[in-house]
Amino acid sequence: MVMKKVYWTLVAIFVAAALGGCVNDPTEMENAPDMSAGSRKILTSAEAEAGELLVKFSKESIAAVEAGVTRSESTRTGIQPFDAALKEISAVSVERVIPVVEQHEADARASGLHRWYRVRFNDQVSLDEAARKLAAVEDIEVVQYDGYVARNFTEMSAVPYNNVWSSDRDQINTRSGETPKFNDPMLNKQWHYKNTGDETLVSPIKEGCDINVEPAWEFCTGDPSIIVAVMDEGVMYKHEDLAANMWVNQAELNGQKGVDDDGNGYVDDVYGYNFAKDQGDITWTDPEDSGHGTHVAGTISAVNNNGIGVCGIAGGSGNNDGVKIMSIQIFAGRYQSTISRNVDAIYYATSMGASILQCSWGLMSGAINSDEQYLDERSIEANAFAHFINTKRPGSPLNGGIIIFAAGNEAGACGYPAAYPSVVCVTSLSTDFTPSVFTNYGMPADIAAPGGDLYYHKNLSDAGQVLSTVLKLDGMYAYMSGTSMSCPHVSGVAALGLSYAKQLGKTFEPDEFRDMVLASVNDLDPYLTGVKKHNNGTMNLVEYKGKMGSGMIDAYKMLMAVRGTPAITVEQDKPTTISLSKYYGDVTALSCTLEVSDAVKDKLGLTFTVEGNNATITCSKQSAGLVTVKSSVGGTSMSREVAIICRAKAASNGGWL
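Under mature numbering (1 follows the signal peptide of the UniProt record, and there is no 0), the residues of the sequence shown are numbered -20 to -1, 1 to 637, in order.
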């Protein structure tokens, strides 16, 4: 009967919270996790932390719990059945999972995170028995086990840049002969930003298999008010190519050591917080540290145009204008965070102003197989996601947040939490638009990005991996591959999009912005035919069709979406006819013309003819640029800009956005 009671509590209470919470209790978000289904069990204790359980109190009882814990010893709440259960399991403490911080308490209560508590007890007491006793208390809605979050970095080890390219580390070499946007010497090796199809770099490779960020940089390179929280190993905040773009808590930097100077509930959190060790100091020198978090951070916001190293997607222009990286450390050598501390970490990132949560971690493929199972086992984590997504940050162009996860590297179904619907799930691509050998895929996948593919390239060339910042031990710059590397490409493009929104004075709702990210893509289906041969076997590419997400992320399209400019993708060297009157509602009385600057003509190799209100466009170069559609009707003249994007292949609908 106890087990059945827990199941029905999960169902009934969370359906009410999800569907009717905004009516019954205006203090909690209406889009809290939907717990409308679940398995008939109290979860599994196989990998749980001994002597610890997580409980969520009902809305009706939480005030009494808070008053009881405040006025009495830590194992008494004033709720008699709960206190009796605590005594039976030899409880030693009852504490809230997240800290009580006055300036953020309203947000915590709006999402319901304030109702989650951690119960610690004698670790000789059976977890299952303790869970049953607590589940029998009417005032408790959910009982969940806590447990350590294990590393799931199954990518190859970092390969130092100097091991691959020893002759030109400090030289700018533009393989295409073009002048680069920035003076960072390794930019030309970051094929994932601009892929010229140069087989002297790596093979196989196809021109245009990149995130198309170079033309996007003409409009925006980043904004320091945009904060990306990298939830990972610690970020090396002293790195020569990251230091200027690190988020800094000035109150703690200039405060007293060992004191919570800004009163946010965390001590000495200068560059973020180390939730693995529960300390302010961010670390990266433990023997087990791989530089994973530092590599991820560099893709998002390595400092641009500083004459050293690599570029970041939203790393600025060299004028202290890149997006900021906040280090949310959940792995530190042999230490790792727990589920409940991860919730605390997400709460911290929200409270300190991060708009993007970058997560290149997660469970192995198949560890959880459905949303229902995920909510059964980790509803507290889903609650934290809802808090991050729906909490408004003052001055942000996004009225909430966006969470971006790596799909995983087992060549199977997308792992959780990446597969959970409220987050963005990122798959990985090689240098030629094909899925990386290792990438997870399937219907939960949302979007694809470059992640490298070591076992696919001739002679196992490391240059086909992703180049970014790493630890000093690995020479400061190195190649890595994995969905961990594709994920920050999407986070970086999202950060660039928010930077541009800030620049234009625009704001977006979380769902609206997420949809814009997922629509800012290039079609992959034309490449998903036949068989892909690699060093460990073959892949039937048809199996990946429709299962890699909406397409490959395109930074230029992202900025055009933010700008509100229609974008059309044309196929290289293929004449494409478009209706110019489409931009004015197909009014038949319109007379339309197309104006293209010489610079755009040269960049795209663009030629065009206009017949009536139709323009036929041909582009010989893969790039992007703005053209102007002019029209007149009844003596009134109008004009509207349109973005033209040339890629090797285009969708059958002409690539309309």
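Note that CB positions come from ideal geometry on N, CA and C, so glycine has one too.
- By the CB criterion at 9 Å, residue 445 and residue 423 fall outside the cutoff.
- For the pair residue 360 and residue 87, the Cα-to-Cα distance works out to about 16 Å.
- Within the stretch 453 to 477, the complete beta strand (DSSP E) segments at least 3 residues long are 457 to 460, listed from N- to C-terminus.
- Contact check for residue 519 against residue 414 passes: the beta carbons are separated by less than 9 Å.
- Two segments are said to touch when three or more pairs of C-beta atoms, one from each, lie closer than 8 Å; by this definition the stretch 344 to 356 touches the stretch 386 to 397.
- Bridge pairing for residue 318: 128 [DSSP].
- Taking every protein chain shown into account, the CB of residue 412 has 16 or more other CB atoms within 10 angstroms, so this residue is buried.
- CA-to-CA, the gap between residue 591 and residue 571 works out to about 11 Å.
- Residue 277 and residue 42 have their C-alpha atoms roughly 39 Å apart.
- Proximity to residue 40 across 59, 30, 249 peaks at 59, based on C-alpha coordinates.
- Among the bridge pairs identified by DSSP, residue 415 is matched with 409.
- Counting only runs that start and end inside the stretch 168 to 203, the alpha helix (DSSP H) elements of at least 4 residues fall at 193 to 196.
- Bridge partners of residue 604 according to DSSP: 625.
- The three-state secondary structure of residue 520, taken from DSSP, is strand.
- In the DSSP assignment, no residue is bridged to residue 493.
- Under the 8 Å Cβ criterion, the stretch 172 to 192 does not count as touching the stretch 259 to 273, having fewer than three qualifying pairs.
- By the CB criterion at 9 Å, residue 416 and residue 466 fall inside the cutoff.
- Assignment of residue 343 by DSSP, reduced to helix, strand and coil, places it in the coil class.
- Judged by DSSP in its simplified three-state form, residue 117 adopts coil rather than helix or strand.
- For residue 437, there is no enclosing alpha helix (DSSP H), as DSSP marks it with neither H nor E.
- By alpha-carbon distance to residue 306, the top candidate from 250, 367, 107, 300 is 250.
- Under the DSSP definition of a beta bridge, residue 483 lacks any partner.
- Collapsing the DSSP output to three states places residue 219 in coil.
- In the three-state scheme derived from DSSP, where H, G and I count as helix and E and B as strand, residue 365 is classed as helix.
- Between the alpha carbons of residue 443 and residue 627 lies a distance of about 23 Å.
- Taking C-beta atoms as the reference points, residue 49 and residue 77 fail to come closer than 9 Å.
- For the alpha helix (DSSP H) assignment, the stretch 233 to 260 encloses no uninterrupted run of at least 4 residues.
- In the DSSP assignment, residue 309 falls within the beta strand (DSSP E) that extends over 304 to 312.
- Burial check for residue 241: the Cβ neighbour count within 10 Å reaches 16 or more, so the residue is buried.
- Residue 596 carries a strand assignment under DSSP once its states are collapsed to helix, strand and coil.
- In the three-state reduction of the DSSP assignment, residue 618 falls in the strand class.
- The continuous stretches of alpha helix (DSSP H) do not include residue 373, and DSSP gives it neither H nor E.
- Under the three-state reduction of DSSP, residue 591 is assigned to strand.
- Residue 367 holds the alpha-carbon nearest to the alpha-carbon of residue 92 among 325, 367, 436, 437.
- At a Cβ-Cβ threshold of 9 Å, residue 95 and residue 121 count as neighbours.
- Cα atoms of residue 107 and residue 33: separation of roughly 8 Å, rounded to the nearest angstrom.
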